[in-house]
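Step one of this worksheet: look at the structure below.
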Amino acid sequence: MATWLRLPGRAPRPRRPAQPRRCAGGPAGLCAALLRTDGFVGGRWLPAAAAFPVHDPASGAELGLVADCGVREARAAVRAAHEAFRGWRGAAAKERSSLLRKWYDLMMQNKDDLAKIITAESGKPLKEAQGEIVYSALFLEWFSEEARRIYGDVIYTPAKEKRALVLKQPLGVAAVITPWNFPSAMITRKVGAALAAGCTVVVKPAEHTPFSALALAELANQAGIPPGVYNVIPCSRKKAKEVGEALCTDPLVSKISFTGSTATGKVLLHHAAGSVKRVSMELGGHAPFIVFDSANVDQAVAGAMASKFRNSGQTCVCSNRFLVQRGIHDSFVKKFAEAMKTNLRVGNGFEERTTQGPLIDEKAVEKVEKHVSDAVSKGATIVTGGKRHQLGKNFFEPTLLSNVTRDMLCSHEETFGPLAPVIKFDTEEEAVAIANAADVGLAGYFYSQDPAQIWRVAEQLEVGMVGVNEGLISSVECPFGGVKQSGLGREGSKYGIDEYLELKYVCFGGGTIYLPLDLEVLSMLGLGLCLKASITFIFLLFLTFFYQYTFCYSCFLPDLACNKLKSKLGWFSFMKSGKLLLKISRPCFI
2 MATWLRLPGR
12 APRPRRPAQP
22 RRCAGGPAGL
32 CAALLRTDGF
42 VGGRWLPAAA
52 AFPVHDPASG
62 AELGLVADCG
72 VREARAAVRA
82 AHEAFRGWRG
92 AAAKERSSLL
102 RKWYDLMMQN
112 KDDLAKIITA
122 ESGKPLKEAQ
132 GEIVYSALFL
142 EWFSEEARRI
152 YGDVIYTPAK
162 EKRALVLKQP
172 LGVAAVITPW
182 NFPSAMITRK
192 VGAALAAGCT
202 VVVKPAEHTP
212 FSALALAELA
222 NQAGIPPGVY
232 NVIPCSRKKA
242 KEVGEALCTD
252 PLVSKISFTG
262 STATGKVLLH
272 HAAGSVKRVS
282 MELGGHAPFI
292 VFDSANVDQA
302 VAGAMASKFR
312 NSGQTCVCSN
322 RFLVQRGIHD
332 SFVKKFAEAM
342 KTNLRVGNGF
352 EERTTQGPLI
362 DEKAVEKVEK
372 HVSDAVSKGA
382 TIVTGGKRHQ
392 LGKNFFEPTL
402 LSNVTRDMLC
412 SHEETFGPLA
422 PVIKFDTEEE
432 AVAIANAADV
442 GLAGYFYSQD
452 PAQIWRVAEQ
462 LEVGMVGVNE
472 GLISSVECPF
482 GGVKQSGLGR
492 EGSKYGIDEY
502 LELKYVCFGG
512 GTIYLPLDLE
522 VLSMLGLGLC
532 LKASITFIFL
542 LFLTFFYQYT
552 FCYSCFLPDL
562 ACNKLKSKLG
572 WFSFMKSGKL
582 LLKISRPCFI
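According to our numbering, the sequence shown is numbered sequentially starting from 2.
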């Protein structure tokens with residue numbers, strides 16, 4: 002049973018039997034069984050020579066000391082993952098699927114405790130943290146099912162005595178570097194796909210939020226994920242650069258997956274280029290939110306609230322620029338301000354009424370402050386908010402600015418905070434031009450009731466994801482990613498698993514060919530045939546020597562059904578290797 006500590010302002014829970022020490026100090030209410038402090042390498046909890054503190058951004062209190070892993074630990078984790086890859090890649094898809102499903106089940110069983118860890122280390126309101134845990138777990142569920150659907154292709158070539166096959170095979174060890182704003186979901190979105198594909202992973206979580214990654218490691222271990230398949234190496238900001246470089250340059254690492262700033266992504270790309278690794282990057286955004294005259298203003302305001310102020314504006318797909326057409330500009334600004342004053346409440350994430358928690362640190366607050374100050378100095382008007390909140394150094398008031406122009410910092414830099422700048426425009430062409438002026442292109446939103454306009458704008462926006470009359474667009478079933486300097490590749494959906502797979506082309510020439518008649522080949526050939534493990538050696542001999550059924554290689558029909566088979570036979574034979582083989586002699590090529 003978990004040991005419970007005490008949350009500020011809450012009555013203490015009954016004391017339960019003590020558990021082994023896993024966290025030095027920390028806020029109460031966090032499940033000690035999940036609050037781990039060591040690195041997780043090769044299925045074992047390993048301490049590091051040094052430790053670094055993790056703080057609650059709301060109160061500044063120290064949550065605990067976490068192992069400060071360095072290059073040595075990173076290389077050990079990569080070696081463990083590489084050794085585990087040999088067995089994991091050979092595991093049946095059904096086995097990988099089953100283990101991912103068990104991991105999902107454990108996340109759902111522990112969702113409340115996992116959510117509290119997120120709130121404690123990131124400041125995210127508890128209700129949002131609970132939503133993130135469900136969202137995180139759904140990636141494991143989704144990829145547990147996608148693991149069974151990794152199909153190859155059969156390609157018919159002009160050459161009569163050749164057949165071409167395309168196999169999908171796992172890349173190898175994937176280094177996964179994740180951010181603090183979604184400390185659980187960004188891990189499962191990457192790791193779920195990697196494990197489903199047959200890859201093994203080394204996770205380097207953000208220094209602000211290592212506890213979520215370590216809690217997931219505890220549950221992965223409980224689920225039966227084999228040692229070395231999932232490894233976690235937390236490290237401090239001081240060591241993050243050298244650890245990131247070590248992962249990107251290690252010859253045993255085949256794949257880098259990173260979510261974070263565009264600047265850091267470019268550095269990692271440079272390191273990975275030396276060994277030409279496969280790379281996927283989900284980088285910065287600067288999402289436009291366009292409201293046309295034809296839009297339903299109330300609906301647009303609701304979408305703006307959802308898109309802008311989730312996680313206090315600290316998401317990569319948050320709306321950063323509100324472009325509102327002149328005809329409804331004043332109405333939108335008025336209703337937006339009213340909605341902010343009515344629905345947003347700043348506070349500690351553990352408080353029930355809180356909708357806006359703290360920013361991750363004071364540096365984040367300073368950036369919001371800088372953008373507001375710059376805008377006001379250039380003529381912008383503060384409609385509401387505009388300053389630090391009295392609750393503490395990491396809190397900032399939700400802020401709405403009007404009369405914003407394109408020369409202001411908030412118009413061409415991602416704020417990553419609770420700031421909503423409104424820019425007035427006149428024509429559709431002007432709005433699209435402003436929206437596409439950014440160097441990044443992750444997400445974009447617009448509201449319109451004109452069908453023709455909807456199609457035009459959706460196709461013209463230079464982003465990877467578009468919300469049409471919708472402010473929340475993330476879904477496990479849909480591809481997540483951007484264009485331009487917002488990154489490379491896609492995560493989630495059926496496309497996400499391809500980021501961890503390599504294509505291999507196999508050409509079968511003429512003459513007599515032997516194909517292993519196993520599940521992988523049958524699946525590759527598109528057959529709905531399943532050989533059960535319960536078929537015994539005696540039964541195989543019975544089929545081979547007594548029945549002597551013959552099949553056409555090309556159409557896989559019995560001899561009675563294929564007129565061309567009589568002179569071009571193929572048959573089942575049991576070879577010395579112990580495998581049931583399909584012998585092909587000059588197939589008919591129907």
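We put the beta carbon where it would ideally sit given N, CA and C, even for glycine.
Sort out for me which residues DSSP pairs residue i with in a bridge.
i           : result
residue 283 : 260, 488
residue 502 : 171
residue 289 : 322
residue 231 : 202
residue 254 : 174
residue 508 : 165
residue 357 : 347
What number of angstroms, rounded off, separates the C-alpha of residue i from the C-alpha of residue j?
i           : j           : result
residue 166 : residue 284 : 35 Å
residue 124 : residue 370 : 19 Å
residue 451 : residue 234 : 51 Å
residue 49  : residue 74  : 8 Å
residue 478 : residue 186 : 14 Å
residue 210 : residue 387 : 28 Å
residue 184 : residue 268 : 22 Å
residue 118 : residue 63  : 13 Å
residue 54  : residue 238 : 11 Å
residue 208 : residue 335 : 40 Å
residue 272 : residue 346 : 43 Å
residue 110 : residue 134 : 11 Å
residue 291 : residue 430 : 12 Å
residue 367 : residue 60  : 18 Å
residue 81  : residue 227 : 11 Å
residue 476 : residue 469 : 15 Å
residue 440 : residue 508 : 43 Å
residue 142 : residue 102 : 6 Å
residue 223 : residue 139 : 18 Å
residue 89  : residue 252 : 19 Å
residue 355 : residue 153 : 49 Å
residue 41  : residue 449 : 49 Å
residue 495 : residue 281 : 15 Å
residue 262 : residue 457 : 30 Å
residue 332 : residue 372 : 24 Å
residue 219 : residue 416 : 35 Å
residue 18  : residue 130 : Its pLDDT being 33, under 50, residue 18 is placed unreliably by the model, and nothing is read from it.
residue 391 : residue 302 : 27 Å
residue 480 : residue 466 : 8 Å
residue 472 : residue 340 : 15 Å
residue 56  : residue 409 : 33 Å
In the DSSP assignment, the beta strand (DSSP E) including residue i goes from what residue to what residue?
i           : result
residue 347 : That residue, residue 347, is in no beta strand (DSSP E); it is neither H nor E in DSSP.
residue 45  : 45-47
residue 201 : 201-205
Less than 8 Å between the CB atoms is what I'm expecting for residue i and residue j, so what's the real figure, rounded?
i           : j           : result
residue 230 : residue 201 : 5 Å
residue 503 : residue 490 : Actually they are not in contact, since the Cβ atoms of residue 503 and residue 490 sit about 14 Å apart, beyond 8 Å.
residue 326 : residue 293 : 5 Å
residue 79  : residue 254 : 6 Å
residue 350 : residue 120 : 4 Å
residue 145 : residue 108 : Going by Cβ atoms, the distance from residue 145 to residue 108 rounds to 12 Å, so no, they are not a contact pair.
residue 442 : residue 484 : 4 Å
residue 381 : residue 256 : With a Cβ gap of about 44 Å, residue 381 and residue 256 do not count as contacting.
residue 414 : residue 437 : With 8 Å as the limit, residue 414 and residue 437 do not qualify as a contact, their Cβ atoms being about 16 Å apart.
residue 205 : residue 174 : At roughly 13 Å, the Cβ-Cβ gap does not stay under 8 Å, so residue 205 and residue 174 are not in contact.
residue 422 : residue 310 : At roughly 14 Å, the Cβ-Cβ gap does not stay under 8 Å, so residue 422 and residue 310 are not in contact.
residue 149 : residue 94  : 5 Å
residue 395 : residue 362 : 6 Å
residue 52  : residue 67  : 6 Å
residue 432 : residue 402 : No, residue 432 and residue 402 are not in contact; Cβ-Cβ is about 18 Å, not under 8 Å.
For the alpha helix (DSSP H) containing residue i, name the first residue and the last one.
i           : result
residue 187 : 186-198
residue 322 : That residue, residue 322, is in no alpha helix (DSSP H); its beta strand (DSSP E) goes 320-326.
residue 222 : 211-224
residue 245 : 238-250
residue 298 : 298-310
To test your reading of the DSSP string, which unbroken alpha helix (DSSP H) runs of 4 or more residues are found completely within the segment 103-177?
Here the runs fully enclosed are 112-123, 127-147.
| said: Please give me, in chain order, every unbroken run of the beta strand (DSSP E) with length at least 3 that falls completely inside the segment 363-412. | reply: 382-385, 400-403
Original post:
Which runs of the beta strand (DSSP E) fall wholly inside the segment 420-493 and span at least 3 residues, in chain order?
Top reply: 420-426, 444-448, 466-469
**Message:** Quick check on the DSSP output: what are the complete beta strand (DSSP E) runs of length 3 or more inside the segment 39-73, in order along the chain?
**Reply:** 40-42, 45-47, 52-56, 63-68
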